[in-house]
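These notes concern the structure reproduced below.
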Amino acid sequence: MVEGYWCLVLHNHLPFVKHPEYDDFLEEDWFYEAMTETYIPLISVFQGLLNDNVDFRVVMSISPSLANMMTDKLLQDRYYRKLSKLIELAEKEVWRLRHQEPFYSTAKIYEEKFKMCMQIYERYNRNLINAYKELLFTGKVDIITCNATHGFLPLIITERAKKAQIRMGVKSYENTFGKKPNGIWLAECAYYYKVDEILKECDIKYFFVEAHGLLYGEPRPKYGIFAPVYTPAGVAVFARDLETAHQVWSADVGYPGDPDYREFYRDVGYDLDYEYIKPYLHSDGVRRNVGIKYYRVTGRVGLDKKEPYVPQWAQNKAAIHAGNFMFNREHQIRYLRSIFDREPIVVSMYDAELFGHWWFEGPDFLNYLFRKIHYDQNVFRPILPMEYLEKYPKNQIIQPTASSWGDKGYYEVWLNGSNDWIYRHLHKCEELMCAAVDEYHRIAAYDGIKKRVLNQLARELFLAQSSDWAFIMTTGTMVEYAHTRQKQHINNFLKLYNQLKENKIDEGFLNWLEYKDSIFPDVDYRVFL
Amino acid sequence: MKEEKEIEVTSAISSGMSSGSSSVLERKQVPPLEVRELPKSYGDTKIVLLPKDPWWCFAYWEISENTFSELRNLYGGNFKLSIRVYDVTNVNNFDGINANKFFDIDIDNINVNNWYINLPEVNRSWCVDLGIKTQDGKFITISRSNIVIMPKFGVSPLTDEQWAILQREFERLLEMSGISMIGKGSFDIAKLMKERWEELLFISQLPQFISSGFVSSFAARQEQIELAKEFFLKADTELIVYGETMPDAKLYINGDEYKLSKDGRFSLRIHLGDGTLHIPIKAVSSDGSMQKEITFLITRESKEKQF
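These protein sequences, in sequence, are chains A and B.
Numbering of the first sequence is given in my numbering, commencing with residue 1 and proceeding in unit increments.
Numbering of the second sequence is given in my numbering, commencing with residue 1001 and proceeding in unit increments.
If you want it as structure tokens, here you go:
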């Protein structure tokens, strides 16, 4: 007898970074690394489960920015080149280390992994969306959307601009996957009052909030965070379970810091002979991580004291951790069932990039976990939100509180001394965008160039709104790039807007922006109407 | 400040999704990414209010040249900027006089154009007027902000009958829901990786490893160019200050607050030039009742020799 359910949500997102104007661009690596380390390995895990008839469920939110990068021809080709180089390096490494265990086994793992990536990549014609569509079709995976460019909704000031973010996210999903999304991931899990009304209008069935979004909701949630509720607008909302978040993330008790797991910071990009590694670095020749690492976390020791990675130990650990995670869920769910008059649901939400990129063995952990859940116990089953809602269509109505999953639970990460200066500009652009659409949308119906201008204005505003820029400014990582992008999109917007107002459209400039900031080929400025 | 700069370099390498330390790249035939500054103002007179968390709001404003000269005509130069913060919870059609209560914040510097407002009460709604205070203390509104309903803090006292639950069971449920973990640090990759990197830095005291991460591509390229020119020697020193205290304490280095890692550790790299450096390190317990201070005095002297 099943006593409850567990729902896994993986949020896949990267800001739209594409620089056709350069042959080689450092920040595009975010995408290439995540492809090799996270996106493709996860697809491979899910396909493996399907092939072995292991029942599993997972919600994957694919942000429209990320989906747009996956379908972009230039990035597809560049990733192909990148991965080919990586395979070449891995092959050389296998040869170089042929007499040196355990390095040899580790090198073999990289070689196999990269080749597996290439195989999957080629099988889907270099477009991972094809693989996601296939997964969606099985009914075991729900792929959901996100607001257009991951804009931080609570700090967008006009209703129309909030709507535009959500409508564009839904529209982009429809054009990518050929159906309406069931659910949405609000960027940074950030909820603000009445956003659910927009979701309702867009026919969204469910979304997610951080635990206190529901716990501090009004009235009190009868089942805490262990059952969905309906917002006043009638959209279902599921809250994040903090125990499972803590188990994976926590610096002291979290799984990824285990001594047997791979050490992220000891990379051959720094360790190997310069002339040997140089062809695999960026064109500036600076030593950076290339993605092959032979050492394990070892313990709290310096980088020079790290010990060699032993693949078998790491695999054993991943299996043990999966067992531990399952055991804890069994207890949690059994207890909840004993005090509830219905089956509880525990919702675990993670950044997908945690699995594989940072936690190298993360995809293996999920693989073991779903297999164990399937074969080794009967206390709980994995479930999708829509399945749970079908089982329990009657739920409490609660006004969730404004919240986010960022540090301290509200909006500080995106609003503090390092980034608060951006909002006066973003808000001005929102205002001008709405004004431009109102003034020109009738003319644009038959004036091709004005239509293009309005559409490009929408793209520039969307790109400027990515929550990633403000986030990067706060974390202090790659700040220069975030500043540049933030200012560039706002400046592009203002320049283009002025050209439109003065009726002096510089078509060369418009062409350049369309080529460079090419997110959403299907953009439609009317989402601002 | 120098220290701040160093910290920024540290974090640049521990980036979430990237492997590199700097975005300086060889840009072929294309000018580097253009960074034009944003407009200083848009010629508007307005104030906007944004929620930050249950206790804080952020207001920014702009006053156009026209508005300024009008004000000068009316009141001479004798006025101060001020913002009036109204509690408008459950007020229908706020009109400036029907607020529940209000308080003023005088802005002494006319060039200041934003303010973080600490609110006296949680779970209320607020609206802000941007205005001036004349010499006789009269507040004159220039512009009114949007109304902000604050994010809630704390469990609602309201229950609904249909979904009633016993108080004791509810308390147990709150515990199970991780109520004690709310707001206790975020779970995001960038943060986790940064913490790990800082810990590694703290532990790895071998200079070779510290430098491998720290060399920005810019610096590295410069070095290569210099090599081609002539024989040279350059040397410099850096200082690593590290330690630990109670994780919930406040730590000040040189008077600046410094963020502790989760377990209360800290480490900081400082450029160490010739001369004497005083580095006071002060920890204050979370309730402010206890404090400890350690000060380092470090002197560097260099001697150069030509052959």
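Backbone N, C-alpha and C fix where the C-beta goes; we use that ideal spot for every residue, glycine too.
Bear in mind that the values here come from a model prediction, so they are computed numbers and not experimental data.
Report the residues of the segment 1143 to 1174 of chain B with a CB closer than 9 Å to any CB of chain A, ordered along the chain.
For the segment 1143 to 1174 of chain B, the residues whose beta carbon sits under 9 Å from a beta carbon of chain A are, in order, Asn1146, Ile1149, Met1150, Pro1151, Lys1152, Phe1153, Gly1154, Val1155, Ser1156, Pro1157, Leu1158, Thr1159, Asp1160, Gln1162, Trp1163, Ala1164, Ile1165, Glu1169, Phe1170, Arg1172, Leu1173 and Leu1174.
When the cut-off is 9 Å and only beta carbons count, does Ile1083 (chain B) lie next to chain A?
One-based indexing of the second sequence puts residue 1083 (chain B) at position 83. No, Ile1083 (chain B) does not count as interfacial toward chain A.
Cβ of Pro154 (chain A) within 9 Å of any chain B Cβ
Numbered from its first residue, the first sequence carries residue 154 (chain A) at position 154. Under the Cβ distance rule, Pro154 (chain A) counts among the residues neighbouring chain B, one pair being separated by less than 9 Å.
Is the beta carbon of Phe493 (chain A) closer than 9 Å to that of Met433 (chain A)?
Taking the first sequence and counting its residues from 1, one reaches residue 433 (chain A) at position 433. Taking the first sequence and counting its residues from 1, one reaches residue 493 (chain A) at position 493. It is a contact, given that the beta carbons lie within the stated cut-off.
Mind listing, in chain order, the continuous beta strand (DSSP E) runs of no fewer than 3 residues lying wholly within the segment 352 to 425 of chain A?
Unbroken beta strand (DSSP E) runs of no fewer than 3 residues, entirely contained in the segment 352 to 425 of chain A, are found at 380 to 382, following chain order.
With burial defined as no fewer than 16 other Cβ atoms inside 10 Å of the residue's Cβ, what is the status of Glu353 (chain A): buried or exposed?
Translated into the one-based positions of the first sequence, residue 353 (chain A) becomes position 353. Buried, because 16 or more other Cβ atoms sit within 10 Å of the Cβ of Glu353 (chain A).
Based on DSSP bridge pairs, tell me the residues matched to Val235 (chain A).
Along the first sequence, one-based indexing puts residue 235 (chain A) at 235. Note: Val235 (chain A) sits in no beta bridge, so no partner.
Rounded to whole angstroms, how far is the Cβ of Gly183 (chain A) from the Cβ of Phe207 (chain A), which I believe are closer than 8 Å?
The residue you call residue 183 (chain A) lines up with position 183 of the first sequence. The residue you call residue 207 (chain A) lines up with position 207 of the first sequence. About 6 Å separates the two Cβ atoms, so the contact holds.
C-alpha gap between Leu369 (chain A) and Thr106 (chain A), whole angstroms:
Against the first sequence, residue 369 (chain A) aligns to sequence position 369. Against the first sequence, residue 106 (chain A) aligns to sequence position 106. Note on geometry: alpha-carbon atoms of Leu369 (chain A) and Thr106 (chain A) lie some 23 Å from one another.
Measure the CB-CB distance between Ile398 (chain A) and Gly234 (chain A) and report whether it falls below 9 Å.
As a first step, residue 398 (chain A) is located in the first sequence; it is residue number 398 there, counting from the start. As a first step, residue 234 (chain A) is located in the first sequence; it is residue number 234 there, counting from the start. Contact: no.
Just to confirm before moving on: does the CB-CB distance between Leu155 (chain A) and Ile166 (chain A) stay below 9 Å?
Indexing the first sequence from 1 puts residue 155 (chain A) at position 155. Indexing the first sequence from 1 puts residue 166 (chain A) at position 166. Contact flag unset, no.
Excluding the 5 residues flanking Leu83 (chain A) on each side, which residues of the same chain have their C-beta closer than 8 Å to its C-beta?
Within the first sequence, residue 83 (chain A) is the residue found at index 83, counting from 1. The answer, listed in chain order, is Tyr32, Met35, Thr36, Phe114, Cys117, Met118 and Tyr121.
Closer than 8 Å, Cβ to Cβ, to anything on chain B: give me those residues from the segment 128 to 156 of chain A, in chain order.
Flagged, chain order: Pro154 and Leu155.
I need the DSSP call for Ile1294 (chain B), collapsed to helix, strand or coil.
Counting from 1 along the second sequence, the entry for residue 1294 (chain B) is found at position 294. In the displayed model, Ile1294 (chain B) falls within a strand according to three-state DSSP.
Beta-bridge partners of Asp1188 (chain B), as assigned by DSSP
Position 188 of the second sequence, counted from the start, is the residue given in the question as residue 1188 (chain B). DSSP output for Asp1188 (chain B) lists no bridge partner at all.
Got a sec, what are the start and stop residues for the alpha helix (DSSP H) Arg95 (chain A) sits in?
Locating residue 95 (chain A) in the first sequence gives position 95, counting from the first residue. Contrary to the premise, residue 95 (chain A) reads as Trp rather than Arg in this sequence. Note, Trp95 (chain A): alpha helix (DSSP H), Lys73 to Arg96.
Flag this pair as touching only if the segment 380 to 399 of chain A and the segment 326 to 346 of chain A have three or more C-beta atom pairs under 8 Å; answer yes or no.
Judged by Cβ distances under 8 Å, the segment 380 to 399 of chain A makes contact with the segment 326 to 346 of chain A, as three or more pairs qualify.
Using a beta-carbon distance below 9 Å, is Leu510 (chain A) in contact with chain B?
Taking the first sequence and counting its residues from 1, one reaches residue 510 (chain A) at position 510. Interface criterion not met: the Cβ of Leu510 (chain A) is under 9 Å from no Cβ in chain B.
Step through the CB atoms of chain A and report whether any lies within less than 9 Å of the CB of Ile1189 (chain B).
Position 189 of the second sequence, counted from the first residue, corresponds to residue 1189 (chain B). Using a CB distance cut-off of 9 Å, Ile1189 (chain B) counts as an interface residue toward chain A.
For the beta strand (DSSP E) containing Tyr1086 (chain B), list its first residue and its last residue.
Numbered from 1 along the second sequence, position 86 holds the residue referred to as residue 1086 (chain B). Looking at the DSSP string, the run of the beta strand (DSSP E) that includes Tyr1086 (chain B) is Phe1079 to Asp1087.
With C-beta atoms as the reference, is Ile144 (chain A) less than 9 Å away from Met60 (chain A)?
The residue labelled residue 144 (chain A) in the question sits at position 144 within the first sequence. The residue labelled residue 60 (chain A) in the question sits at position 60 within the first sequence. Closer than 9 Å, so yes.
Test: Phe1114 (chain B) CB closer than 9 Å to a CB of chain A:
Mapped onto the second sequence, residue 1114 (chain B) falls at position 114. Checking the sequence shown, residue 1114 (chain B) turns out to be Asn, not Phe. Judged by the 9 Å Cβ criterion, Asn1114 (chain B) is in contact with chain A.
Do you know how far the Cα of Leu1268 (chain B) is from the Cα of Lys1002 (chain B)?
If you number the second sequence from 1, residue 1002 (chain B) lands on position 2. If you number the second sequence from 1, residue 1268 (chain B) lands on position 268. Below a pLDDT of 50, predicted positions are generally treated as unreliable, and Lys1002 (chain B), at 34, falls in that range; the measurement from the model is reported next regardless. Using only the alpha carbons, I get a separation of about 11 Å.
Any beta-carbon of chain A closer than 9 Å to the one on Asp1256 (chain B)?
In the second sequence, residue 1256 (chain B) corresponds to position 256, counting from 1. Cβ-Cβ to chain A under 9 Å: no for Asp1256 (chain B).
Segment limits, beta strand (DSSP E) that includes Val45 (chain A):
Position 45 of the first sequence, counted from the start, is the residue given in the question as residue 45 (chain A). For Val45 (chain A), there is no enclosing beta strand (DSSP E); the enclosing alpha helix (DSSP H) covers residues Ile40 to Asn51.
Tyr1086 (chain B) versus B:Asn1146, B:Arg1036 and B:Met1181, residue with shortest Cα-Cα distance
Position 86 of the second sequence, counting from 1, holds the residue named residue 1086 (chain B). Nearest option by C-alpha distance: B:Asn1146.
Proximal residues to Pro221 (chain A) (C-beta, below 7 Å), its chain only, five neighbours per side dropped
Along the first sequence, one-based indexing puts residue 221 (chain A) at 221. So the qualifying residues of the chain are Leu214, Leu215, Val229, Gln396 and Ile398.
May I ask you to list the residues that DSSP assigns as paired with Gly183 (chain A)?
The residue you call residue 183 (chain A) lines up with position 183 of the first sequence. DSSP output for Gly183 (chain A) lists A:Tyr206 as bridge partner(s).
Can Asn8 (chain A) and Arg78 (chain A) be called in contact, C-beta distance under 9 Å?
In the first sequence, counting from the first residue as 1, residue 8 (chain A) sits at position 8. In the first sequence, counting from the first residue as 1, residue 78 (chain A) sits at position 78. The residue you asked about is not Asn; residue 8 (chain A) is Leu in the sequence shown. With contacts defined by Cβ atoms closer than 9 Å, Leu8 (chain A) and Arg78 (chain A) do not form a contacting pair.
Nearest candidate by alpha-carbon position, reference Asn416 (chain A), set B:Tyr1116, B:Ser1143, B:Glu1238 and B:Leu1166:
For the purposes of this step, residue 416 (chain A) is identified with residue 416 of the first sequence, where counting begins at 1. Of the candidates B:Tyr1116, B:Ser1143, B:Glu1238 and B:Leu1166, the one whose C-alpha sits nearest the C-alpha of Asn416 (chain A) is B:Tyr1116.
Can you list, in chain order, the residues of its chain whose CB lies under 7 Å from that of His357 (chain A), leaving out five sequence neighbours each side?
Along the first sequence, one-based indexing puts residue 357 (chain A) at 357. These residues qualify, in order along the chain: Glu33, Ala34, Glu37 and Thr38.
Have a look at Asp203 (chain A) and His11 (chain A) and give me their C-alpha separation to the nearest angstrom.
Residue mapping note: residue 203 (chain A) aligns to position 203 of the first sequence, counting from 1. Residue mapping note: residue 11 (chain A) aligns to position 11 of the first sequence, counting from 1. Answer to the nearest angstrom: the Cα atoms are 21 Å apart.
Backbone CA spacing between Gly1213 (chain B) and Leu1038 (chain B) [nearest angstrom]
Position 213 of the second sequence, counting from 1, holds the residue named residue 1213 (chain B). Position 38 of the second sequence, counting from 1, holds the residue named residue 1038 (chain B). The pLDDT assigned to Gly1213 (chain B) is 34, lower than 50, so where the model puts this residue is not dependable; a value taken from the coordinates is nonetheless given after this. Spanning the two alpha carbons is a distance of roughly 33 Å.
His427 (chain A) classed as buried or exposed, judged by whether at least 16 other C-beta atoms fall within 10 angstroms:
Sequence index remark: in the first sequence, residue 427 (chain A) carries index 427 (1-based). Around the Cβ of His427 (chain A), a 10 Å sphere holds 16 or more other Cβ atoms; the residue is buried.
In the DSSP assignment, what are the bridge partners of Arg1265 (chain B)?
Here residue 1265 (chain B) is taken as the residue at index 265 of the second sequence, counted from 1. DSSP, once it has assigned bridges, lists B:Glu1244 as partnering Arg1265 (chain B).
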